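Residue 139 in numbering that gives the first Met the number 0 sits at position 140 of the sequence shown, and the numbers go up by one each step. Just so it is clear, CB atoms sit at the ideal spot from N, CA and C, and this is done for glycine as well. Keep in mind the model is a prediction, meaning the values are calculated, not measured. Step one of this worksheet: look at the structure below.
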Amino acid sequence: MSNKDFNCQPVLSGNTLRLEPLAQSHFEAMLEAAGDPKIWEGHPSRDRFERAVFEPYFASLLATGKALAVIDVQQGRVIGGSSYYTPPDQPDSIAIGFTFLVRAHWGGDSNRELKRLMVEHAFKRYDRVFFHIAPTNIRSQKATMKLGAEHLYDAELNLSNAAKLWKCYALTRAKWEQSSIC
């Protein structure tokens with residue numbers, strides 16, 4: 000199945016969140032949302048909260064044409080971002096990643112709603128969604144397993160600017176439909 004027909008930048012709306020195509024106009028709000036060092040503690044880029052590090056990261060997301068800004072509907076402000084992408088080792092598949100949320104929205108309704116919106120959109124086209132998580136990012140690994148995703152394998156993949164080791168998870172449509180999050 001080809002990714003060319005999949006809309007990687009839909010506008011998705013839930014009860015508390017709106018996901019919209021990432022635009023240059025989101026930069027300052029995204030930088031503000033990413034400015035908490037604790038967001039990046041378990042991440043390979045632990046200094047991503049710094050403007051000099053975040054700016055090229057944002058530019059790379061923008062250049063993909065597949066990234067989304069996550070907006071808190073009630074507050075009307077950007078609280079994070081996420082992206083669809085094609086896994087390098089599964090070229091006929093779709094993955095969700097490069098996700099972050101402000102800490103006030105961790106582990107609660109916002110995180111569940113974000114994943115629900117993105118996963119259900121992906122399942123309109125695909126039977127399986129991949130997630131690639133750094134071995135050091137235990138919090139994200141646990142959150143991904145709560146969705147019903149299973150760890151399939153570890154692989155050295157180039158997901159951005161260099162090949163690194165990733166824990167590769169997949170969530171099937173059948174498992175999602177059985178889970179309590181949907």
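Using a Cβ distance threshold of 8 Å, determine whether the segment 44-52 contacts the segment 68-85, with at least three qualifying pairs required.
For the pair of segments examined, the segment 44-52 was found not to touch the segment 68-85: the number of CB pairs separated by less than 8 Å stays below three.
For the beta strand (DSSP E) containing L156, list its first residue and its last residue.
The sequence position of residue 156 within the sequence shown is 157, counting from 1. In the DSSP annotation of this structure, the continuous segment of the beta strand (DSSP E) that includes L156 starts and ends at E149 to N157.
Within the continuous beta strand (DSSP E) that includes L18, where are the two ends?
As a position in the sequence shown, residue 18 is number 19, starting the count at 1. Taken as a continuous stretch (DSSP letters only), the beta strand (DSSP E) holding L18 covers L16 to P20.
Sort A161, Q177 and L11 by Cα distance to P87 and report the nearest one.
Taking the sequence shown and counting its residues from 1, the one referred to as residue 87 is at position 88. Comparing Cα positions, the closest option is A161.
With H, G and I counted as helix, E and B as strand and the rest as coil, what does DSSP make of W165?
On the sequence shown, position 166 is the one that residue 165 refers to. W165 falls in the strand class under three-state DSSP.
Cβ-based burial, K182 [other Cβ within 10 Å; buried from 16]:
The requested residue 182 does not occur in the structure, where the chain is confined to residues 0 to 181.
Return the CA-CA distance between H25 and A32, expressed in angstroms with no decimal places.
As a working note, residue 25 is residue 26 in the sequence shown. As a working note, residue 32 is residue 33 in the sequence shown. Rounded to whole angstroms, H25 to A32 spans 10 Å at the Cα level.
Please report the residue range of the alpha helix (DSSP H) in which T98 lies.
As a working mapping, residue 98 is identified with position 99 in the sequence shown. Here T98 belongs to no alpha helix (DSSP H); instead the beta strand (DSSP E) covers I93 to L100.
So, at 7 Å on beta carbons, what are the nonlocal neighbours of R102 in its own chain, with the 5 sequence-adjacent residues on each side left out?
Taking the sequence shown and counting its residues from 1, one reaches residue 102 at position 103. Closer than 7 Å at the Cβ level, and outside the excluded window around R102, lie D35, K37 and I38.
When we look at the beta-carbon of M0 and count the other beta-carbons within 10 Å, is it buried (16 or more) or exposed?
The residue labelled residue 0 in the question sits at position 1 within the sequence shown. Caution is warranted here: a pLDDT of 45 is assigned to M0, below 50, making its placement in the model unreliable, and no coordinate value can be reported.
N-terminal and C-terminal residue of the beta strand (DSSP E) that A133 is part of
Residue mapping note: residue 133 aligns to position 134 of the sequence shown, counting from 1. Looking at the DSSP string, A133 is not in any beta strand (DSSP E), and its letter there is neither H nor E.
Exposure label - K114; buried when at least 16 CB within 10 Å:
Against the sequence shown, residue 114 aligns to sequence position 115. The residue in question, K114, is buried, as its Cβ has 16 or more Cβ neighbours within 10 Å.
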